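2 protein chains.
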Amino acid sequence: MNKKKLTYIEECGLMFEQLGLARMVGRVFGYLLICDEDAVSFDQIREVLSASKGSISSTTKQLVQIGFIETVSLPGDRKTYFKVTDIELGKMLSQRMNFFEKFAEVLSKGRNLKNREDEVSDWLRDAAVFYSWVGEEIEQMIQKWHHEKENIIKQKE
Amino acid sequence: MNKKKLTYIEECGLMFEQLGLARMVGRVFGYLLICDEDAVSFDQIREVLSASKGSISSTTKQLVQIGFIETVSLPGDRKTYFKVTDIELGKMLSQRMNFFEKFAEVLSKGRNLKNREDEVSDWLRDAAVFYSWVGEEIEQMIQKWHHEKENIIKQKE
DNA sequence: CATTAAGTTCAATTTGTTTTGAACTTAATA
DNA sequence: TATTAAGTTCAAAACAAATTGAACTTAATG
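First to last, the sequence lines map onto chains A and B.
Counting along the first sequence from 1, when you hit position 133 you're at 133 in the numbering used here, and nothing is skipped either side.
Here the numbering used here runs 1000 ahead of the position in the second sequence, where the first position is 1.
Pasting the structure below:
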């Protein structure tokens, strides 16, 4: 694996960390993105990432579980191969964005816990409304993507 | 401080963790949200959260730095007091959502690193377009909030 | 059915992060 | 100017998360 690709793999690790996932998860996914092979074996991943079997085992498991990669098996070959799933982008986002409703609830709850009304109460009310609204808007945005993605991609590229 | 409020403070800690900030940062902010006082002293915070001076010092500093709280001082009183800032909600969100453009770049870069074109290349292209588009849409969404917040709040509450 | 290749599991270790606490700074008061 | 209250700093301790590696499982092959 050349240096540029290894650097890229690290960059993916950091990106996934931003998403709240483990760095190693991002590395494995990043490698599968740029590997130029239809599927990659467990041991290839282990070697490229210089990690232990245990680490690769738990990481690939997690990636399969969240639907980012899938396993491939071949007759007459005991190895397991992995490839990235054709992940539905809208779903990928909405899974990560579902905390807005939760935020709205927490902020609302805060307002109810207060024993007096003040500027902060007002802010809590507005903030709860805001995050609830944001959650809805993002859902709509994802619908829009579904309907218009062909046009958006054509326009953008 | 009653049990319900302490539980709430913990809940805020976890919420902030989701945002990639430290749990203690969320705790202090949560306390200031529900404290029923115009401003709270350094030592009050320390006591309610059962934490060390060092911990409160670095946490309040961080919260001031990111603009979530502000200090209040009074003549004839050497103490520092803290209160939540009237944070502009749109700004609060856009600061957290600026990673979409970064994502788009990383995905695009991945496509360029590949030595062949395949289904994954296509996905990388689409994903890069998607995240770039999402970044723009969120900016628009925030503009919409600015223009219509009064109506949105009225409708929602 | 014994052997071996391929992964999994999990206790122990390594690595990274958070928190403490004691020494230090700063500035207000006596 | 000495004292003291209020915070800050940062090295060490506590805690938490990620990683290893060796023993274990599983299933394919000779």
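Glycine included, every Cβ here is placed at the ideal spot set by N, Cα and C.
Note that the structure is a prediction, hence the values are computed from the model and not measured.
Contact between the region 1065-1073 of chain B and the region 94-108 of chain A is absent: fewer than 3 CB-CB pairs across the two stretches fall below 8 angstroms.
Distance from the CA of threonine 1080 of chain B to the CA of aspartate 118 of chain A, rounded to the nearest whole angstrom, comes to 21 angstroms. If you compare the alpha carbons of A:Ser94, A:Glu47 and A:Leu124 with that of glutamate 136 of chain A, the shortest gap goes to A:Ser94. The residue from B:Ile1034, B:Met1001 and B:Met1141 with its alpha-carbon nearest to that of cysteine 1012 of chain B is B:Ile1034. A buried status is given to serine 132 of chain A, since no fewer than 16 other beta-carbon atoms sit within 10 Å of its beta-carbon. Residues of chain B with a Cβ closer than 7 angstroms to the Cβ of alanine 127 of chain A are, in chain order, Leu1089. Selection A:Asp126, A:Met1 and A:Ile9 evaluated against valine 28 of chain A yields A:Ile9 as nearest (Cα-Cα).
If you ignore the 5 residues before and after leucine 124 of chain A, its C-beta comes within less than 6 angstroms of the C-beta of Leu107, Gly110 and Arg111, all in its own chain and listed in chain order. Judged by their CB atoms, lysine 1005 of chain B and aspartate 1038 of chain B are not nearer to each other than the 8 angstroms cut-off. Each residue's CA atom was taken as its position, placing methionine 1001 of chain B and tyrosine 1031 of chain B some 10 angstroms apart.
As the crow flies, the alpha-carbon of threonine 71 of chain A is around 12 angstroms from that of glutamine 62 of chain A. Annotated three-state conformation of isoleucine 1056 of chain B is helix, per DSSP.
Contact with chain B is absent for lysine 3 of chain A, since none of that chain's Cβ atoms lies less than 8 angstroms from the residue's Cβ.
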